[in-house]
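Following: one structure in structure tokens, then a few remarks.
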């Protein structure tokens with residue numbers, strides 16, 4: 001079997017195999033963990049989820065869902081530490097945080113369109 | 001498998017956008033990204049949510065090694081640290097650690113400001129500020145003060161404090177502001193602490209008023225200035241209402257300073273704010289319900305985010321211990337205003353003239369004439385680093401008198417030498433430490449001998465019933481004869497030089513206005529200054545109050561003139577309230593003191609309003625109806641009052657209506673206008689009320705009517721209906737980030753009421769700390785904001801509403817509860833990278 005064929009089979013296994021759902025959940029968690037220490041986590045999470053998605057449109061969904069998950073986790077974190085109020089009045093920083101969290105993973109996942 | 005071209009195109013566009021975001025937006029993402037964004041860096045360290053509580057419960061107390069010994073810190077419900085140790089150096093190490101924990105950014109900012117190193121953090125907007133502070137060489141003055149202190153008992157404590165600050169700085173996350181602006185604090189040093197001292201002193205006693213007076217003389221004439229800027233305002237409510245008699249200084253004529261107006265314009269923003277003042281009073285046990293003294297103090301300063309004051313309790317256990325609580329400026333390790341279990345003390349500004357300015361013959365750009373010979377300026381080129389811009393070179397010059405400030409003007413370079421009593425090795429930090437340990441007012445009086453700068457109205461009381469008023473600081477005699485110099489270069493007294501007043505710019509080349517025993521940027525002997533015993537002080541007064549008004553009718557030496565003292569309104573009101581209560585026979589108590597601090601009655605309004613009402617016939621109909629609201633007004637400056645709004649806006653306009661026509665054509669803006677009290681006491685037919693631009697002869701009624709019409713127009717334009725619509729508390733952090741600002745709200749009070757709050761232009765000022773001290777456990781205090789500089793802390797502005805409402809929190813010596821930070825004895829190097837003991841490690845950092 002050629003290398004290309006092996007790669008194709010591995011890719012299919014990751015995207016549609018028995019453990020693909022588990023992999024997606026695991027990737028969500030990895031992306032979230034990386035995001036907790038650096039914003040690059042938003043891109044990394046989106047890229048990995050794009051790779052695991054069975055289709056382009058599913059990749060876009062995964063990316064957006066990942067962004068929403070990060071946002072929910074972040075808001076929960078702020079709430080836990082009583083900082084939601086300050087976040088709400090941070091003006092441009094608030095909008096930047098919201099925008100980056102939802103847009104970056106989605107864009108990253110769209111790279112799935114290359115193959 | 002073929003690829004969908006639309007999806008491929010979308011993927012390429014997405015990839016390009018991601019790369020673009022990373023390259024051009026990376027710094028913004030580092031600021032705002034969820035979790036990791038710099039803007040949210042303080043969340044897990046502060047907060048009052050369930051996560052914070054759970055985190056605290058799980059982690060328990062924090063343990064920190066302390067090379068000086070064991071100490072504990074317990075934060076109370078208001079975020080005030082109660083710090084306890086049985087070794088004083090261990091105590092001060094812990095103080096440094098907690099101040100850095102709560103206010104490190106503010107400490108660094110003050111230090112940068114005074115060292116002229118602000119541009120390196122905030123960019124070119126601060127270059128002019130840096131130029132001024134470098135040329136004044138406050139760094140050199142702070143180094144001289146450290147030299148004066150380092151071998152005293154206090155020196156090792158400052159070193160321990162410094163180590164504590166650096167321990168926190170080296171091991172814990174930096175405050176959010178550093179991350180937002182992407183810079184770091186330098187290691188703390190003892191000199192940095194003394195720079196904060198210098199900042200306080202300069203902001204309270206440094207000015208260029210002599211230059212201003214000379215410019216006014218030149219432009220208005222001395223007849224006008226003697227009327228508008230008298231030696232003393234015509235009131236009879238000085239601090240000392242009893243005789244204080246001693247020989248007075250001779251008068252001296254001011255020189256023509258027309259060419260110096262541009263220099264003054266460039267310097268006036270860096271001097272003491274006019275109108276910044278404070279209240280304090282002390283009442284002996286003879287007048288109180290408890291039989292023990294009471295003391296109140298509220299210093300009025302610019303209100304900032306975070307607040308200028310930091311409250312703390314320092315408890316040194318053991319036989320030689322003390323237990324003191326009060327406020328300090330972050331960066332200063334001892335309690336500046338507060339009380340221990342035996343003594344309470346507070347300060348206000350005297351307004352003394354302790355800055356003198358000197359002109360020189362300058363044969364060349366690099367030389368000046370002094371003592372009959374041509375001398376070279378002591379000159380140094382310094383580099384100001386500018387964040388995001390080119391470095392700027394500044395020339396720092398000095399003369400025998402002190403700093404030399406020079407600016408280019410349309411007529412060429414103009415400069416003056418500056419001598420300021422804080423510009424030498426001063427020991428007020430030692431005095432304050434003495435207050436912390438004092439057991440009687442005699443101890444306070446003795447400690448105050450070292451309180452070299454700034455000049456302050458110190459009031460104190462002790463548990464045994466003693467009371468004290470003492471004007472602190474060094475007061476120069478000025479001699480007109482040139483004096484001889486010792487071989488060391490120190491000035492020595494010789495002959496019988498004539499003592500002259502200091503309210504003028506001196507001819508430095510001619511040896512005028514010399515200070516004897518003063519060595520700028522070195523150690524002064526103070527031998528030619530007013531002896532400590534001759535500076536106003538009173539022991540055992542029944543009550544005595546200060547509000548920055550004239551100290552005494554006859555202080556015994558040239559102390560100051562009206563331009564540096566405050567209007568008498570607050571002082572008159574405080575004495576009125578104290579007199580009334582004393583005469584009533586009802587003893588005073590802590591609640592009465594607090595009620596006084598909440599007083600919003602305006603004696604300024606009482607003085608002006610009858611005149612305003614008399615001028616109604618000269619007003620238009622709308623304004624007249626508006627002015628009618630003043631008729632039944634009780635003169636209380638409350639937020640819901642329409643009349644208070646009318647008066648406040650009238651008060652802002654009346655000096656303009658009176659003086660604009662004479663001042664503006666001469667290039668004098670409203671910053672030059674005389675005291676409000678001067679306007680109030682001008683005769684009705686004073687020519688100053690006449691508008692020289694008209695043919696008619698206007699009187700006070702016309703000027704007041706014009707001021708009211710302008711006030712009404714301003715209120716209408718802004719939609720203000722009550723005083724609270726205009727008089728708003730709006731405190732913003734220096735960095736323009738929304739969540740760093742405090743909430744806005746309406747306020748009672750005015751610049752001239754005891755309950756002090758002023759909002760004029762972009763400045764917000766007022767009572768920066770309110771304290772009522774007793775010896776029966778009922779002491780209380782409040783700051784306008786909160787203890788913590790972390791915007792995510794529950795103590796970021798948790799006292800703001802209490803403060804605005806005139807309420808208080810307890811200031812007691814009760815157990816604060818569980819230990820939050822436990823310092824364990826490490827017996828060695830503390831591991832921080834800033835060795836306090838060696839300023840050499842400062843590495844040239846300013």
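Protein chains in written order, with UniProt numbering: chain A, 1 to 115; chain B, 1 to 846. Ideal Cβ placement from N, Cα and C applies to all residues, glycine included.
- Sequence-distant Cβ neighbours of residue 541 of chain B in its own chain, meaning closer than 8 Å and more than five residues away, are 282, 284, 467, 469.
- For the stretch 22 to 39 of chain B, the residues whose beta carbon sits under 7 Å from a beta carbon of chain A are, in order, 28, 29, 30, 31, 32, 33, 34, 35, 36, 37, 39.
- In the DSSP assignment, residue 825 of chain B falls within the beta strand (DSSP E) that extends over 821 to 825.
- Exclusion of the five residues before and after residue 68 of chain B leaves 87, 89, 90, 93, 160 as the residues of its chain whose Cβ lies within less than 7 Å of its Cβ.
- Among the residues of the stretch 710 to 738 of chain B, those with a Cβ less than 8 Å away from any Cβ of chain A are 737, 738, in the order of the chain.
- Looking at the backbone, the Cα of residue 438 of chain B and that of residue 317 of chain B are separated by about 15 Å.
- Nothing from the stretch 5 to 23 of chain A brings a Cβ to less than 7 Å from some Cβ of chain B.
- For residue 105 of chain A, the enclosing alpha helix (DSSP H) stretches over residues 92 to 110.
- Residue nearest to residue 798 of chain B within the set B:664, B:783, B:427, B:382 is B:783 (criterion: CA-CA distance).
- Per DSSP, the continuous alpha helix (DSSP H) segment holding residue 171 of chain B begins and ends at 155 to 171.
- At least 8 Å separates the CB of residue 58 of chain A from every CB of chain B.
- Taken through DSSP and simplified to helix, strand or coil, residue 85 of chain B comes out as strand.
- Among the residues facing chain B, residue 102 of chain A is not included, as its CB has no counterpart in that chain under 8 Å away.
- In the structure shown, residue 747 of chain B adopts coil according to DSSP, grouped into three states.
- Interface with chain A (8 Å Cβ-Cβ cutoff): residue 562 of chain B is excluded.
- Residue B:725 holds the alpha-carbon nearest to the alpha-carbon of residue 749 of chain B among B:675, B:725, B:183, B:323.
- For the pair residue 100 of chain B and residue 169 of chain B, the CB atoms are nearer than the 8 Å cut-off.
- Under a criterion of Cβ atoms nearer than 7 Å, the residues of chain A adjacent to residue 792 of chain B are, in order, 81, 83, 86.
- Under the 8 Å Cβ criterion, the stretch 590 to 607 of chain B does not count as touching the stretch 701 to 714 of chain B, having fewer than three qualifying pairs.
- Put simply, the backbone Cα of residue 56 of chain A is about 17 Å away from that of residue 102 of chain A.
- With a threshold of 8 Å between beta carbons, residue 66 of chain A makes no contact with chain B.
- Using a CB distance below 8 Å, the part of the stretch 792 to 808 of chain B facing chain A consists of 792, 794, ordered along the chain.
- Think of a sphere of 9 Å around the beta carbon of residue 27 of chain A: no beta carbon from chain B falls inside it, the nearest being about 18 Å out.
- DSSP lists B:82 as the bridge partner or partners of residue 74 of chain B.
- By the Cβ-count criterion, residue 95 of chain A is exposed, with fewer than 16 other Cβ atoms from all chains shown falling within 10 Å of its own Cβ.
- Chain-ordered, the chain B residues with CB closer than 7 Å to the CB of residue 90 of chain A read 39, 737, 738, 739.
- Distances from the alpha-carbon of residue 425 of chain B to those of B:142, B:65, B:728, B:773 put B:142 closest.
- Look at residue 62 of chain A: its C-beta is not under 8 Å from any C-beta on chain B.
- In the structure shown, residue 816 of chain B falls within a coil segment according to DSSP collapsed to helix, strand and coil.
- Residue 345 of chain B carries a strand assignment under DSSP once its states are collapsed to helix, strand and coil.
- For residue 323 of chain B, DSSP records a beta bridge to B:315.
- At least 8 Å separates the beta-carbon of residue 269 of chain B from that of residue 215 of chain B.
- For residue 626 of chain B, there is no enclosing beta strand (DSSP E); the residue is part of the alpha helix (DSSP H) that begins and ends at 621 to 628.
- The C-alpha of residue 17 of chain B is placed about 44 Å away from the C-alpha of residue 761 of chain B.
- Bounds of the beta strand (DSSP E) holding residue 412 of chain B are 412 to 420.
- According to the DSSP assignment, residue 424 of chain B belongs to no beta strand (DSSP E), since it is labelled neither H nor E.
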